[in-house]
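Input: a single structure, listed below in structure tokens.
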Amino acid sequence: MSRSMVVRYALIVAIIVVLLFPVYWMALTAVLPTRELLSPSPPLLPDLGSISFDSFQRVFELRPVGRWMANSATVTAGTVVCSVVFATMAGYSLSRLASKVGLIVGYSLFAVRLIPTTLLVIPLFMMFSEVELNNTLRSLVIANTVVIVPFAAWLMKSFFDSIPVELEEAAMVDGCSRLRSFLTIVLPLARPGIGAVAIFSGILAWGDFTFARTLIQGDAGTTVTVGLVSFVGEYTADWGALMAAGLLSIAPMVVLFILLEPLLISGLTSGAVK
Amino acid sequence: MLDFPTWQANEPGHGEALRAIVEEFESRHEGVTVNMYPVSNEDFQNQIVTQLSAGDPPDIIASGNHFYAFAETGQLEPLNDRLEESGLLDEWEDFQQERVVDDEHLALTMHALTRLLYYNEDYLAAAGVDAPPTSPSELADTVEALAGSVEEGVSPWGATTTTHSNLFGEVTAFIVGMGSQWITDGEWSVTAPETVEAVELYRELARQAPPGLDGGGYRQLLADGRIAMSQDGNWVISTLDEVSPADVRPQLQVAPPPFENSVALVGTSLSIPAGISEERKDLVWDFIQIAAEPEFQGMWAGAIDAAPGRTGSVPPERVQERPELEVVAQTIGSAQPEFPDSANFRANFGEIETRIIDAMMRLLTTDAETVDVLTELESELSSITEP
Amino acid sequence: MTLVTDDRRRAGAHTGGPRRSRWRPSLSTRNNLLSYVLLAPSLAMSLVFIAFPIYMIVNLSLRDGKTMIMSEVGGLPLTLDNYDTVLSDPETWHSLRISAVYTLAAVAGAIVVGLVTALLIRRRLPGRRWLRTLILIPWPIPGSIATVGFVWMLDGTYGVVNYLLRAIGVIDENIAWFFDPQTALIGVLMPTVWSAYPLCTLMLLASLQSVPDELYEAAKVDGAGPVLQFRHVTWPAVQNTAVLAMIVTGLWTFTTFDFVYAITRGGPDGATQTLAVAIYNQAFRFFDLPHASALGVVTMALAGSALLALFPVVRRRFF
């Protein structure tokens, strides 16, 4: 290994240690008795003897973490499907077909990012209560899709931009309709892009906090993020249980991310210009 | 199904009592269930206000100091007729008046709370103090003695030292304790000598407290033996029973607050929202009535060491088996209300509380003169509302 | 995010790379129809769920009176007073300043960390897939949970960050991160940047990978050191992506609220009171929805003009 490689590895490892330290510290807090950490010089490496999983047990005893996860998973899955479908349609339209008007309309989709979410929730709450969608996971799917699609649509647009238009033209010369060539030629080529959009929207939906805490009332529909924050009790600060709950709630998404990350990267970097 | 959000669903003491009331209600109402669910206290106020404002409220509305915000939406049902019909008012303690706005009873108080002095007797003994302080000057001296004796990693004093509503309640207990109020005789008394002295003391003690913590934060440290002394609510006794490790709990003791006066505040009160059907309102009223029965009044107040709303609901046996209740009874008997007698103060509580907390944080984090900051606070408060 | 493809397209424009849509008279009617059919769901959704709330907020901001009851709003008289109050209130300008500092610092932090990490893992090296994944791990972690973790790490008495800083001799005394007005904003920025940088890494990495290694080789042959290589090869290749990453991160930070509110609630004494927190306080603590809405409209206008000012940059990329 060359010297520059060694330096590069050392740098990468150092930066990973710093960047992932918060996750490590959460894990350590979850498995050590809090009292051991309530010290001006907390142990950086755990004494293996004092590791226990009591905090995790406490979390499961105290709150329906399993149901929270199931709710988050439902909302995430619903949002991913809706976002991918809408964003693919809109992205193709913006890339291939849209007039200037369409593009400007598309750009203005970003308006959603301008509204302070604290203010957005009141009208949203009213609208959902009008159509009796309040307190349903569907309302969360809709709200999340609304804020994700503008971004996802532009992601898909630039992905479609990288697929040579000549491919469809050839197909259309052969008698395919625009729609058919979209479905049979462009869509399969766009798979990496669709994967990237799916991961992107999945992460945002799983992490949503603002909507989940306003639009859902009641334990039945609580998602992990809101559930976890309800752990920050008014009456005590049980750091061990809090961190254990935090780890549990990030675990599914982190694992999924680790598995799918190559797909994301190839979706973002490959393009179709080969 | 009746929706019943509460920030107390999982709180030691409260949770068990509430579940018992829910069970009793369900057993008496075939086919009606109560969906009680926890909401973090931080979110509780804005969630309920949003729902009340949008005209889609939950059915049973619980409130602590959130009450004033909820009342402000104008969406709480006056209970006057129902209270009169049931004769409950005759049985009720005076602090029910804290839930009356423009002659309308907008909630029924479940119990009153007070603030006590908590201390770790081992640390006090190590500092050479044999008895808990009984006056403000003794309190200051004790904390100073503790500062010289506690080991590293233990703080002599615990208090709210962050932007949090606990800060308002805690400093108000000092002010009331030392004989003043935010408003006295219809005038802002933010710069009255007693107020200044009380705020000074809070400020001086807070220097010995871990920085940046709210009530839950320093309470946990007390439970874990990392704080020698603090002022906290009487409901915390049962919390300590639950969370304090077996080797620390016996050292934790309570004493009446070391002030001339103690403070009384309404713990939980229950309301009916105006925006639900008449049929539901009747069901919620049934629920409130069950919570008002002597048995459940005694159970709830007993579980959190509070004074029940219905006079005399805590059985004497309970007081005997729990010495802390004696301290609570002694304290609450002579307590002054936490809120000044001013309708404007209540109606603008959200903004007033925010200004007071900001001023307190300025005192805790800077070297500014106490009088100067309080003078500025008084002029800010005056511009919000007439006293 | 996607900019790679665009960077590449620009670079390869002369080779006849793919082109965006063209006006095709023969097909235009059908294409337009299809184009709108495909856009329709997204548009309809935006109209219903964005346009209506904006209408509500603007409507509210023009009402005289302090109310939280939506159904009563229509009956209140119209006025411009709320804007007068908001614009003449020194707190508005204070919050704007805090928002600006918070946003700029978060963007700068995220882009620097993003660029450094992207440069480090740009080149092929054994195990890169795992190193890259590890670097991106904070991305799937919800901000609300990251916040809780940082509050614990930055605790003024037992926080491990203080311990580490003391151990390596940077500080002598513990810093009460969220208590001290001097450091509160820095404390809040840490979880913000931590949550924001992975997206920057991803976007920059994507566009860096489109730079052929030969360019670096050529630069080396010409005797360029790392700094010159960065200036003449790396930066030109990624600058567009970097600008877009900054816009995305900036918009996100400007309107975000969870980090600040969950940690400091705008305190101590307003030291972290961003516009988003000020709006929340007006609406949910002071129950003055018209005032909150007026402040919200001002915020939208500011964010909107920033976005418009950046429109040319974005248009270069997309139009």
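Residue numbers (the numbering used here), protein chains in the order written: chain C, 1 to 274; chain V, 1001 to 1387; chain P, 2001 to 2319.
We put the beta carbon where it would ideally sit given N, CA and C, even for glycine.
Given the structure is predicted, the values throughout are model-derived calculations rather than measurements.
Local conformation of V/Val1243 per DSSP, three classes
helix
Counting Cβ pairs closer than 8 Å, one from the stretch 1282-1301 of chain V and one from the stretch 1205-1217 of chain V, do we hit at least three?
They do not touch, by the three-pair rule.
Between the beta-carbon of V/Asp1224 and the beta-carbon of V/Pro1245, is there less than 9 Å?
yes
Distance CB(C/Phe182)-CB(C/Glu166) smaller than 9 Å
no
Against P/Ala2176, what residues of chain V qualify as contacts under a CB-to-CB distance less than 9 Å, listed in chain order?
Thr1161, Pro1210, Pro1211, Gly1212 and Thr1365
Could you tell me whether any Cβ in chain C is nearer than 9 Å to the Cβ of P/Pro2025?
Because the pLDDT at P/Pro2025 is just 41, under 50, the model does not fix this residue reliably, and the value given afterwards should be weighed accordingly. It does not; no Cβ of chain C falls within 9 Å.
For chain P, is any of its Cβ atoms less than 9 Å away from the one on V/Thr1379?
Per the sequence shown, the amino acid found at residue 1379 of chain V is Ser instead of Thr. False, the Cβ-Cβ gap to chain P never drops below 9 Å.
Work out the CA separation of V/Pro1315 and P/Ala2146 for me, nearest whole Å.
47 Å
Measure the beta-carbon distance from P/Thr2274 to P/Tyr2102 and round it to whole angstroms, keeping in mind my assumption that it falls under 8 Å.
At roughly 6 Å, the Cβ-Cβ gap stays under 8 Å, so P/Thr2274 and P/Tyr2102 are in contact.
Pairwise C-alpha distance: C/Val17 and C/Leu11:
10 Å
For V/Thr1109, which of helix, strand or coil comes out of DSSP?
Three-state result, V/Thr1109: strand.
Neighbour flag for C/Ile122 against chain V, beta carbons, 9 Å:
yes
So, does the CB of V/Ala1054 fall closer than 9 Å to a CB anywhere in chain C?
yes
Verify the CB distance criterion: does C/Gly207 have a CB-CB separation below 9 Å to chain V?
no
Let me know the secondary structure DSSP gives V/Gln1297 once reduced to three states.
Three-state DSSP puts V/Gln1297 in a helix.
So, do the stretch 2238-2247 of chain P and the stretch 2091-2111 of chain P have three or more beta carbon pairs nearer to each other than 8 Å?
yes
List the endpoints of the continuous alpha helix (DSSP H) containing V/Asp1286.
Where V/Asp1286 is concerned, the enclosing alpha helix (DSSP H) stretches over Glu1278 to Ala1292.
Are any of the Cβ atoms in chain V nearer than 9 Å to that of P/Leu2038?
no
Would you kindly report the start and end of the unbroken beta strand (DSSP E) that includes P/Ile2171?
Element bounds for P/Ile2171: n/a, residue is neither H nor E.
Going along chain V, which residues have a C-beta under 8 Å from C/Ser129?
Ala1054, Gly1055 and Asp1056, listed in chain order.
Buried versus exposed call for P/Pro2025 [16 or more other C-beta atoms within 10 Å across all chains shown]:
Note that P/Pro2025 has pLDDT 41, beneath the 50 cutoff, so the model's placement of it is unreliable and the number below is only indicative. When all chains shown are included, P/Pro2025 counts as exposed.
When DSSP labels each residue in this structure, what does C/Met172 get in the three-state scheme?
helix
P/Gly2156 and V/Pro1211 closer than 9 Å at C-beta:
yes
Have a look at V/Ser1238, V/Phe1296 and V/Leu1283 and flag the residue whose alpha-carbon is nearest the alpha-carbon of V/Arg1388.
The structure shown has nothing for residue 1388 of chain V, since chain V only spans 1001 to 1387.
Select from the stretch 2270-2285 of chain P all residues with a C-beta closer than 9 Å to any C-beta belonging to chain C, and list them in chain order.
Leu2275, Ala2276, Val2277, Ile2279, Tyr2280, Ala2283 and Phe2284
Any idea what DSSP makes of C/Asp54, helix, strand or coil?
helix
Residues in the stretch 2136-2159 of chain P having any Cβ partner in chain V nearer than 8 Å:
Asp2155, Gly2156, Thr2157 and Tyr2158
With a threshold of 16 other CB atoms inside 10 Å of the CB of P/Ala2242, please say whether the residue is buried or exposed.
That one is buried.
May I have the straight-line CA-CA distance separating V/His1111 from V/Phe1174, to the nearest angstrom?
Looking at the two C-alpha atoms, the distance is approximately 22 Å.
Straight-line CA distance for C/Ala30 to P/Val2148?
Near 13 Å, if we compare the C-alpha coordinates of P/Val2148 and C/Ala30.
For P/Gly2187, count the other beta carbons within 10 Å of its own beta carbon; 16 or more makes it buried, fewer makes it exposed. Which is it?
buried
Does the Cβ-Cβ distance between V/Leu1079 and V/Ala1107 come in under 9 Å?
yes
By a C-beta neighbour count over all protein chains shown, 10 Å radius and 16 as the cutoff for buried, is V/His1014 buried or exposed?
buried
Under 9 Å, do V/Tyr1221 and V/Leu1139 count as touching if we go by C-beta distance?
Correcting the residue type first, residue 1221 of chain V is Leu in the shown sequence and not Tyr. Cβ distance not < 9 Å, so V/Leu1221 and V/Leu1139 don't count as in contact.
Could you tell me whether any Cβ in chain V is nearer than 9 Å to the Cβ of C/Gln217?
yes
Straight-line gap, P/Arg2022 to V/Ala1054 (C-alpha atoms, nearest Å):
Confidence at P/Arg2022 is low in this model, with a pLDDT of 48, below 50, so its placement is unreliable and the value that follows should be read with caution. Rounded to whole angstroms, P/Arg2022 to V/Ala1054 spans 48 Å at the Cα level.
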